[in-house]
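Number of protein chains: 2
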Amino acid sequence: MKAEIITVGDEILIGQIVDTNAAYIARRLNETGIVVNERTSVGDDAGQITECIGRAFGSSDIVIMTGGLGPTKDDITKKTLAEMFGSRLVNDARVEEHVRNMLALRGIPFNELNRGQSLVPECCTVLFNVHGTAPGMWFERDGRVLVSLPGVPFEMKHLMDDEVLPRLKKRFELRSVVHRTMITEGIAESMLAECIAAWESALPPYLKLAYLPAPNIVRLRLSAYEVEGDAVRGEIEMRFRELYDIIPDNIIGYETATLQETVHRLLTDRGLTLAVAESCTGGSIASKFTAMAGASAYFKLGAVTYSNEAKISVLGVSPDTLAHYGAVSEQTAREMAEGARRIAGTDYAVATTGIAGPSGGTAEKPVGTVWFAVASEEGTVAVMRNSGTDRGQIIERATAYAIELLRDRITGRR
Amino acid sequence: MKAEIITVGDEILIGQIVDTNAAYIARRLNETGIVVNERTSVGDDAGQITECIGRAFGSSDIVIMTGGLGPTKDDITKKTLAEMFGSRLVNDARVEEHVRNMLALRGIPFNELNRGQSLVPECCTVLFNVHGTAPGMWFERDGRVLVSLPGVPFEMKHLMDDEVLPRLKKRFELRSVVHRTMITEGIAESMLAECIAAWESALPPYLKLAYLPAPNIVRLRLSAYEVEGDAVRGEIEMRFRELYDIIPDNIIGYETATLQETVHRLLTDRGLTLAVAESCTGGSIASKFTAMAGASAYFKLGAVTYSNEAKISVLGVSPDTLAHYGAVSEQTAREMAEGARRIAGTDYAVATTGIAGPSGGTAEKPVGTVWFAVASEEGTVAVMRNSGTDRGQIIERATAYAIELLRDRITGRR
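In order, the protein sequence lines correspond to chains E and U. Each residue of the first sequence is one higher than the one before, counting from 2 in my numbering. Each residue of the second sequence is one higher than the one before, counting from 2 in my numbering.
1. At 8 Å on the CB atoms, spell out the chain E contacts of G71 (chain U), in chain order.
2. Could you pull out every residue in the same chain whose Cβ sits closer than 7 Å to the Cβ of N309 (chain E), ignoring the five residues on either side in sequence?
3. Leaving out five residues before and five after M85 (chain E) in sequence, what residues of the same chain have Cβ atoms less than 6 Å from its Cβ?
4. From the DSSP secondary-structure annotation, give me the bridge partner or partners of L210 (chain E).
5. Measure from the C-beta of E310 (chain E) to each C-beta in chain U and report whether the shortest distance is under 9 Å.
6. Give a yes or no on whether the minimum CB-CB distance between L90 (chain E) and chain U is below 9 Å.
7. Taking C-beta to C-beta, are A334 (chain U) and L302 (chain U) nearer than 9 Å?
8. With a threshold of 9 Å between beta carbons, is R392 (chain U) in contact with chain E?
9. CB Q17 (chain E) to CB R28 (chain U), shorter than 9 Å?
10. Taking three-plus beta-carbon pairs below 8 Å as touching, is the stretch 174 to 194 of chain U in contact with the stretch 227 to 243 of chain U?
11. Three or more C-beta pairs closer than 8 Å, one from the stretch 199 to 210 of chain U and one from the stretch 151 to 160 of chain U: is that the case here?
12. Note the first and the last residue of the continuous beta strand (DSSP E) segment covering M192 (chain E).
13. Got a sec: is the Cβ-Cβ distance from P205 (chain U) to anything in chain E below 9 Å?
14. Out of E:A294, E:E378, E:R342, E:V233, state which residue places its alpha-carbon closest to the alpha-carbon of G317 (chain E).
15. Starting from the beta carbon of I109 (chain U), find every residue of chain E whose beta carbon is closer than 8 Å, and list them in chain order.
16. Roughly how many whole angstroms lie between the Cα atoms of P136 (chain U) and A298 (chain U)?
17. Indicate whether at least one CB of chain U lies closer than 9 Å to the CB of K158 (chain E).
18. Mapping the DSSP letters down to three states, classify N130 (chain U) as helix, strand or coil.
19. So with Cβ pairs under 9 Å, would you call Q49 (chain U) a contact of chain E?
20. Could you please give the first and the last residue of the uninterrupted beta strand (DSSP E) stretch that includes M66 (chain E)?
21. With a Cβ-Cβ cutoff of 9 Å, do G152 (chain U) and G48 (chain U) count as a contact?
22. Between U:A211, U:D76, U:V121, which has its C-alpha nearest I15 (chain E)'s C-alpha?
23. Check G393 (chain U) in the structure and name its three-state DSSP category.
24. Once the 5 residues before and after I35 (chain U) are set aside, which same chain residues still bring their CB inside 6 Å of it?
25. Please decide whether D1 (chain E) counts as near chain U, where near means a Cβ-Cβ distance under 9 Å.
26. Starting from F300 (chain E) and walking both ways along the beta strand (DSSP E), at which residues does that stretch end?
27. Could you check how far apart the C-beta atoms of T33 (chain U) and L166 (chain U) are, in whole angstroms? I think they sit under 8 Å.
28. With a threshold of 9 Å between beta carbons, is T21 (chain E) in contact with chain U?
29. Can you pull the chain U residues whose beta carbon is under 9 Å from the beta carbon of K366 (chain E), in chain order?
30. Could you please give the first and the last residue of the uninterrupted beta strand (DSSP E) stretch that includes S42 (chain U)?
31. With distances taken Cα to Cα, identify the nearest neighbour of R386 (chain E) among E:R415, E:I356, E:A364.
32. Can the beta-carbon of I252 (chain U) be found closer than 9 Å to that of M183 (chain U)?
33. Of all Cβ atoms in chain U, is any one closer than 9 Å to the Cβ of V153 (chain E)?
34. With burial defined as no fewer than 16 other Cβ atoms inside 10 Å of the residue's Cβ, what is the status of A94 (chain E): buried or exposed?
35. Excluding the 5 residues preceding and the 5 following E279 (chain E) in the sequence, name in chain order all residues of the same chain whose CB lies nearer than 6 Å to its CB.
36. So for M385 (chain E), helix, strand or coil by DSSP?
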């Protein structure tokens with residue numbers, strides 16, 4: 002079963018927003034056994050919308066659209082669909098009541114624009130939007146299905162999961178689409194491809210391999226379309242297990258696995274605790290760990306000590322060290338890590354101190370200079386790394402490297 | 002001048018990645034005076050790629066593609082383009098030398114796959130990729146231009162800015178595309194539309210108004226396509242200035258303005274300092290401020306005190322308070338903010354303590370319960386807000402609300 006995704010809105014064509022809706026819908030359709038054939042974005046223009054739907058119906062059984070359902074004049078999707086399906090707009094009493102209630106809760110008066118939101122094309126099935134004021138709509142023509150959803154991500158996701166997918170499963174006979182991704186690190190794409198060439202050649206023809214490189218990691222994805230799910234999932238597991246013999250040191254996990262998850266598991270499984278002392282990374286390391294459920298079991302303290310005073314008063318860094326070596330130095334990084342570990346009473350502490358820029362760099366310590374330290378029972382290690390030239394990039398890379406260094410210390414790699 | 006953007010890769014169609022490249026290219030084309038007509042994503046499939054390009058050439062003068070240029074078997078864009086343009090692949094000596102140098106720097110051997118990267122269709126102009134191993138390619142046919150760029154965002158951006166845009170400006174006679182966005186907060190979309198209806202009706206016909214709602218904010222965008230830039234920019238400024246008389250309390254700024262930028266400016270302009278004490282937000286507030294250049298002037302301390310011990314030892318929260326009221330309580334929030342302000346010696350301190358879940362909730366204090374406090378010379382205020390049900394959402398909303406409360410205290414709104 003093939004589908005096409007159409008996202009509507011000038012904000013997409015001018016690059017004002019990143020189209021995350023299309024990615025969500027694509028993922029959910031794949032999980033449901035529906036192959037996405039093409040994704041298109043068009044502006045708030047009746048002619049373009051109509052032409053694009055016509056084209057999509059030529060090659061796909063299912064079309065999922067988002068956007069253009071708001072109450073203001075620039076939103077024209079509903080009117081365009083009504084015209085396309087030759088159906089007049091009628092008031093839906095249940096939608097109107099819901100819109101009135103939602104607005105009343107927020108203390109907003111119901112006006113003419115809101116009244117427009119309860120109008121729907123007579124020929125469609127209304128997909129009730131519990132979380133918003135714009136209803137979803139389900140149309141059928143010549144055995145094909147077109148669904149129009151609001152563009153607000155939260156509302157779209159809810160309608161997709163609760164209304165669209167269950168209805169598609171009932172409406173069509175679906176097979177399985179299977180994707181499984183293994184994450185490797187520390188090996189370049191071309192070397193990896195060479196290392197696993199024999200393994201790749203031996204894959205059965207229905208398994209499609211993709212390489213997805215990103216800084217420091219390469220993701221390997223195996224995909225199979227419209228197959229018997231359970232058998233293929235088993236086959237993929239077996240194929241990936243073979244890689245543990247070929248590149249044992251380069252695998253960090255599956256799907257969206259990250260190094261902070263590896264550290265999270267290591268700390269949790271071993272009953273170890275962590276403190277973080279950050280200068281240039283500014284809370285980014287702490288927020289990576291605390292974003293994971295269960296972090297409170299090991300995460301005891303994060304200290305964002307931007308000022309020298311805070312480094313002294315909170316972490317106990319020596320004023321002499323700061324005066325003599327400067328805030329961005331091996332000695333300061335060491336004292337920050339050791340201070341955080343001592344104050345929080347943790348097994349491990351990681352510290353960063355560097356120059357995130359754009360100002361503050363010198364010839365000796367240019368923007369991007371970052372010192373890292375990890376303190377533990379085995380002692381303290383400190384490393385310097387130049388982490389880039391752009392503030393955001395420096396913070397991101399330094400955060401990633403601090404977590405890598407921590408992993409290496411916990412596992413004894415370093 | 003009209004353009005179409007085509008992004009190639011199965012990872013986009015299965016929703017494994019969010020297509021940020023298309024948004025970047027769209028934004029840069031608009032800034033250069035080129036109207037983006039449509040955006041399409043197709044899989045790594047020669048037939049689909051060829052068909053999509055043919056269609057794009059039917060309605061646009063310029064086609065910008067990304068993806069499918071890597072060294073591995075799943076990357077087929079280059080071969081497909083060579084066939085489409087009837088051109089054989091030839092070795093480019095400069096590209097080969099560059100690939101060899103790049104790999105040598107990283108200690109990676111040059112292999113057969115890398116050799117393939119220095120092959121280019123004979124008919125194209127090579128766009129030299131300083132930052133990566135896959136060159137960009139510029140094709141011309143019947144007065145139309147097709148550009149193929151690598152999918153790695155960093156490399157694509159560099160080629161877009163340094164090679165593609167300068168060449169497009171030289172190749173075509175371009176007019177201006179102007180977009181300007183005003184950010185409003187605290188007023189619902191339908192009410193806003195009603196408030197500014199007269200203003201909207203009076204807009205000249207070449208200015209297109211769009212409403213972009215998001216949680217708590219509505220963005221208003223005025224757009225004009227293929228116009229005289231300077232005159233239109235002046236007209237838009239004048240129109241937006243009129244809104245300051247209609248909705249003076251609801252405007253927070255232009256373009257991507259955020260509330261943390263407002264607070265950043267307030268603190269910087271007034272020479273005030275800030276400390277942050279976070280429990281459930283886990284460093285997220287600190288990282289929002291420290292992500293902004295110049296934050297070190299006012300940001301003195303961030304403390305992520307997840308454990309009770311850290312709340313006591315670092316912030317001086319009283320053990321009795323924790324025992325009697327619990328970590329998630331008005332009293333603890335107040336003592337965290339006051340402790341952070343005292344220890345860091347700052348003008349303001351903001352604190353959060355709550356239950357981010359998924360576990361840890363009780364009937365009395367369910368997941369999502371968050372206490373906020375801001376301490377300053379004027380005293381301490383504390384507020385409770387239920388911030389949602391999902392861990393990520395709770396952290397995000399609580400972070401936003403803490404910054405709002407801080408803004409309100411600094412400006413005297415609360």
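Backbone N, C-alpha and C define an ideal beta-carbon position, used for all residues, glycine too.
According to the structure shown:
1. E190, Y212, P214
2. L323, A328
3. T51
4. Partner residues in the beta bridge of L210 (chain E), as assigned by DSSP, are E:L223.
5. yes
6. no
7. Cβ atoms of A334 (chain U) and L302 (chain U): not closer than 9 Å.
8. yes
9. yes
10. yes
11. no
12. Annotation: M192 (chain E) is outside any beta strand (DSSP E); the continuous alpha helix (DSSP H) that includes it extends over 190 to 196.
13. No, P205 (chain U) lies away from the interface with chain E (no Cβ there is under 9 Å from its Cβ).
14. E:R342
15. A189, S191, M192
16. 42 Å
17. Output row for K158 (chain E): interface = no.
18. coil
19. yes
20. 63 to 67
21. no
22. Comparing alpha carbon positions, the residue from U:A211, U:D76, U:V121 closest to I15 (chain E) is U:A211.
23. In the structure shown, G393 (chain U) sits in a helix (DSSP, three-state: H, G or I).
24. The beta carbon of I35 (chain U) is closer than 6 Å to those of M2, A4 in its chain, skipping five residues each way along the sequence.
25. With chain E represented from 2 up to 415, any question about residue 1 (chain E) goes unanswered, as that position is not in the structure.
26. 300 to 305
27. 5 Å
28. Yes, T21 (chain E) lies at the interface with chain U (some Cβ there is under 9 Å from its Cβ).
29. Result: empty, since nearest Cβ-Cβ is about 15 Å, beyond 9 Å.
30. For S42 (chain U), the enclosing beta strand (DSSP E) begins and ends at 36 to 43.
31. E:I356
32. yes
33. yes
34. exposed
35. I286, V305, T353
36. Look at M385 (chain E) here: in three-state DSSP terms it is strand.
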